[in-house]
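J.: Handing you a structure now.
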Amino acid sequence: MSRSQTDHRSLFFPILLPGVFFALILNLFFLPAKGMATSDAFPASGFHPTPVLHTYPNGLRLIYVEDPYSPIVTFQVWYKVGSIDEQRGKTGISHFLEHMMFTGTPRYPHGVLDKKINAVGGQSNAFTDYDFTAYFENTAPRYITIGEKIESDRMNNLLLSNQQLERERRIVLEERRNDYDDPTQKLVEQVYAKAFRVHPYHNPVIGWEPDIRHLSRSDLKHYYRTYYMPNNATIIVVGPVNGPELVSQVGQTFGSLPAGSAPNPKIPAEPVQKGLRFTVVHKPAMLPVTMMAFHVPNFKSPDSYALTVLSTLLSGGRSSILYRTMVYQNAVAVDAEGDYEPLTKGPALFYFYAQGLPKVKPPVLRRRFENVILSLQKTDVSPAALERAKKQVISSYLMSQESTFGLGMMLGEMASIGVPLDYLDTYVDRIRQVSAEDVRRVARTYLIRSNETIGYLYPTGAPRNPSFARPNRIVR
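If you read the sequence shown in UniProt numbering, its first letter stands for residue 1, the second for the next number, and so on.
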């Protein structure tokens, strides 16, 4: 399910790959990335190539993977800024600024950027998340300098004209209205707003409509100058590049950009939830929906591995416990899925949902969910089911590195939220070590009523078919 328009948010692109972003990955050169980088690289285990990190004097970081077998190169710039950094009354400014980054500089006026990339058969785009904003160009290797020059220029020379600002405001407001009109988007938005009362994850990435309407050029310029600087950015390059030459080349293009003061936003901590929370949506929709969400720790906790396996057991496709129970056995739903995303700067949510049959009320779906949870808390899963789930997690992890673009996305997300690259070295082993007792323990610890937020969607009026994706990404 999605608070925004498409999906990517997982380090490993696991299990759920719904919506636009999956199509984007497939279209953006789903090609093997099997080359190995050299020299002073991070040691790596498993299937993935070895990333190399270089830091420049102005604080800019470059992470690259040499893949001599790829016919394309992905050039990505990731900024450590997203909706988590926004102040009250300024929600949506990260996404709005992402739109403005395509409106031109003195060197590359509006429209020139896209023309340059399209002229060489490449693709460019951007996306905004809770925790970061990223831009990318995918081209043939000989055109990598086009992306370098474009990104270097707009990191420092964005025009932010009033005319373009108002044009993009209209576009963003239309996106916001589309989100509001979608019943499942509205449900997820309200569940997150209930689950997070203080933390900025309370707000949709796209922002609240009144804030979008009142954001000024001064607001955007200040935000741009605060966060769009080399020491708040990481460049990711994957493709048939020569490492030392790339380091020199990026240094020549970006090295003269001045570093800024390190941003230090004050992000309020979310208090511990101490009771069940409810939200109800009444909107035109084809089918009822029940969503249940629980606060859980992020990647920094050892429990994240057991939670990942638990999420896969519950909602990892049509053979998962929830799908079998809700769709096949009890015949109360047409779909049942969920997700847990450990790679977040802030606290994570573990959630699942069911799209019920037309005459099934949301509370009925909730009771079926609760029966499944109770069973997992009381009884260990079978060795065969546990082994299948762990293999599914590991397979998804390995598959995420099979594309040049996908590997770049994985590395960029890690760099932007502070995941050390050596996290990759132990991931498979940590998943393999998860026991049935670990799964039952995290179910008993986190999937409890005092930690739960429930959302119901009651269809009203003319039906509309809900579409599901995960709650975090907006694509331009």
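Every residue, glycine too, gets a C-beta built ideally from N, C-alpha and C.
Kindly list the residues whose CB is nearer than 6 Å to the CB of Ser124, restricted to its own chain and excluding five residues on each side of it in sequence; keep chain order.
T.: Along the sequence shown, one-based indexing puts residue 124 at 124. These residues qualify, in order along the chain: Ile117, Glu137.
J.: Within 8 Å, do at least three Cβ pairs link the stretch 166 to 184 to the stretch 330 to 337?
T.: No: fewer than three Cβ pairs fall under 8 Å.
J.: Check the DSSP bridge columns for Lys283 and list the partner residues they point to.
T.: Taking the first residue of the sequence shown as position 1, residue 283 is located at position 283. Bridge partners of Lys283: Pro459.
J.: Shortest alpha-carbon distance to Gly317 belongs to which of Tyr305, Asp339, Pro230, Ile431?
T.: Taking the first residue of the sequence shown as 1, we reach residue 317 at position 317. Comparing Cα positions, the closest option is Asp339.
J.: Is Phe405 helix, strand or coil when you go by DSSP?
T.: One-based indexing of the sequence shown puts residue 405 at position 405. If DSSP states are grouped into helix, strand and coil, Phe405 belongs with the helices.
J.: From Asn231, Glu86, Tyr108, pick the residue whose C-alpha is nearest to that of residue 478; which is it?
T.: Outside the shown range of the chain, which is 1 to 476, sits residue 478, and nothing can be said about it.
J.: Over what stretch of residues does the beta strand (DSSP E) that includes Leu53 continue unbroken?
T.: Here residue 53 is taken as the residue at index 53 of the sequence shown, counted from 1. First-last of the beta strand (DSSP E) with Leu53: 52 to 55.
J.: Do the CB positions of Ile454 and Thr279 come within less than 9 Å of each other?
T.: Taking the sequence shown and counting its residues from 1, one reaches residue 454 at position 454. Taking the sequence shown and counting its residues from 1, one reaches residue 279 at position 279. The answer is yes: Cβ separation under 9 Å.
J.: With a cut-off of 8 Å, do at least 3 Cβ pairs link the stretch 127 to 142 to the stretch 75 to 93?
T.: Yes: the two stretches touch, three or more of their Cβ pairs being nearer than 8 Å.
J.: How do the stretch 304 to 323 and the stretch 388 to 396 stand: do at least 3 beta-carbon pairs fall below 8 Å, yes or no?
T.: Yes, they touch.
J.: Could you tell me the alpha carbon to alpha carbon distance between Met286 and Gly461, rounded to whole angstroms?
T.: Within the sequence shown, the letter at position 286 stands for residue 286. Within the sequence shown, the letter at position 461 stands for residue 461. Cα to Cα, the separation comes out at about 9 Å.
J.: On the three-state DSSP scale, how would you describe His199?
T.: Looking up residue 199 in the sequence shown gives position 199. His199: coil per DSSP, three-state reduction.
J.: State whether the stretch 352 to 366 contacts the stretch 377 to 387, with contact taken as three or more CB pairs (one from each stretch) at a distance under 8 Å.
T.: With the cut-off at 8 Å, the stretch 352 to 366 and the stretch 377 to 387 do not touch.
J.: Looking only at DSSP bridge pairs, what is Leu349 linked to?
T.: What you label residue 349 is simply residue 349 of the sequence shown in a count that begins at 1. Beta-bridge pairing links Leu349 to His295.
J.: Using the beta-carbon count (16 or more within 10 Å), is Leu62 buried or exposed?
T.: Position 62 of the sequence shown, counting from 1, holds the residue named residue 62. By the 10 Å Cβ count, Leu62 comes out buried.
J.: Using only alpha-carbon positions, find the residue among Asp438, Arg430, Leu343 that is nearest to Val419.
T.: On the sequence shown, position 419 is the one that residue 419 refers to. Among Asp438, Arg430, Leu343, the Cα nearest to that of Val419 belongs to Leu343.
J.: From the DSSP output, in three-state form, read off Thr312 for me.
T.: The residue you call residue 312 lines up with position 312 of the sequence shown. Here Thr312 sits in helix by DSSP.
J.: My output table needs one value for Thr290: the three-state DSSP class, helix, strand or coil.
T.: Here residue 290 is taken as the residue at index 290 of the sequence shown, counted from 1. Of the three classes helix, strand and coil, the one that applies to Thr290 here is strand, per DSSP.
J.: With DSSP as the reference, please indicate the residues paired to Ile235 in a beta bridge.
T.: Working through the sequence shown from its first residue, we reach residue 235 at position 235. BP columns for Ile235 point to Leu62, Val77.
J.: By Cβ distance, which residues of its chain are closer than 7 Å to Lys90, with the 5 residues on each side in sequence left out?
T.: Your numbering for residue 90 matches position 90 in the sequence shown. The answer, listed in chain order, is Asp211, Leu215, Asp219.
J.: Taking 8 Å as the threshold, find out whether the stretch 256 to 266 comes into contact with the stretch 292 to 302 through three or more Cβ pairs.
T.: The stretch 256 to 266, when compared against the stretch 292 to 302, does not touch it at the 8 Å Cβ threshold.
J.: Suppose contacts are defined by Cβ-Cβ distances below 9 Å. Is Tyr397 in contact with Val428 by that definition?
T.: As a first step, residue 397 is located in the sequence shown; it is residue number 397 there, counting from the start. As a first step, residue 428 is located in the sequence shown; it is residue number 428 there, counting from the start. Yes, they are a contact pair.
J.: Going by DSSP, what residue range makes up the alpha helix (DSSP H) through Gly251?
T.: Counting from one through the sequence shown, the residue named residue 251 turns up at place 251. Unbroken alpha helix (DSSP H) run through Gly251: 243 to 254.
J.: Using DSSP's beta-bridge definition, name the partner residues of Ser124.
T.: To locate residue 124, count along the sequence shown from 1; it is residue 124. Paired residues: Glu137.
J.: Helix, strand or coil for Asp425? Go by DSSP, reduced to three states.
T.: Reading the sequence shown from its first residue, position 425 is the one you call residue 425. DSSP places Asp425 in helix when its eight states are reduced to three.
J.: Give the single residue among Pro109, Lys186, Asp129 whose Cα lies nearest to the Cα of Ser161.
T.: The count along the sequence shown starts at 1 and reaches residue 161 at position 161. Measuring from the Cα of Ser161, the nearest candidate turns out to be Pro109.
J.: Along the beta strand (DSSP E) that carries Tyr340, what are the first and last residues, could you check?
T.: The residue given as residue 340 occupies position 340 in the sequence shown. Here the beta strand (DSSP E) through Tyr340 covers 333 to 340.
J.: Opposite Phe278 in the DSSP bridges: which residues?
T.: Here the question's residue 278 lines up with position 278 in the sequence shown. For Phe278, which the question treats as bridged, DSSP gives the partners Ile454.
J.: Less than 9 Å between the beta carbons of Leu421 and Leu53, yes or no?
T.: Position 421 of the sequence shown, counted from the first residue, corresponds to residue 421. Position 53 of the sequence shown, counted from the first residue, corresponds to residue 53. In this structure, Leu53 lies closer than 9 Å to Leu421 by Cβ.
J.: In terms of alpha-carbon separation, which member of Val372, Pro284, Gln190 lies closest to Ser311?
T.: Mapped onto the sequence shown, residue 311 falls at position 311. Considering only alpha carbons, the answer is Val372.
J.: Does the Cβ of Tyr456 have 16 or more other Cβ atoms within 10 Å, making it buried, or fewer, making it exposed?
T.: Locating residue 456 in the sequence shown gives position 456, counting from the first residue. Classification for Tyr456: buried.
J.: Find out if the Cβ-Cβ distance for the pair Met101, Phe254 is shorter than 9 Å.
T.: Locating residue 101 in the sequence shown gives position 101, where the first residue counts as 1. Locating residue 254 in the sequence shown gives position 254, where the first residue counts as 1. Not a contact, by the Cβ cut-off of 9 Å.
J.: Which residues bound the alpha helix (DSSP H) around Tyr224?
T.: In the sequence shown, the residue the question calls residue 224 occupies position 224. 217 to 227 is the span of the alpha helix (DSSP H), which, as asked, contains Tyr224.
J.: Quick test of the definition: if touching needs 3 or more C-beta pairs under 8 Å, does the stretch 231 to 241 touch the stretch 64 to 72?
T.: In short, these stretches touch, since the Cβ pair count reaches three.
J.: Val81 and Tyr192 - do their beta-carbons sit closer together than 9 Å?
T.: To locate residue 192, count along the sequence shown from 1; it is residue 192. To locate residue 81, count along the sequence shown from 1; it is residue 81. No, these two residues do not count as a Cβ contact at 9 Å.
J.: By DSSP, does Gln433 sit in helix, in strand, or in coil?
T.: On the sequence shown, residue 433 is found 433 positions in, with the first residue counted as 1. Coil.
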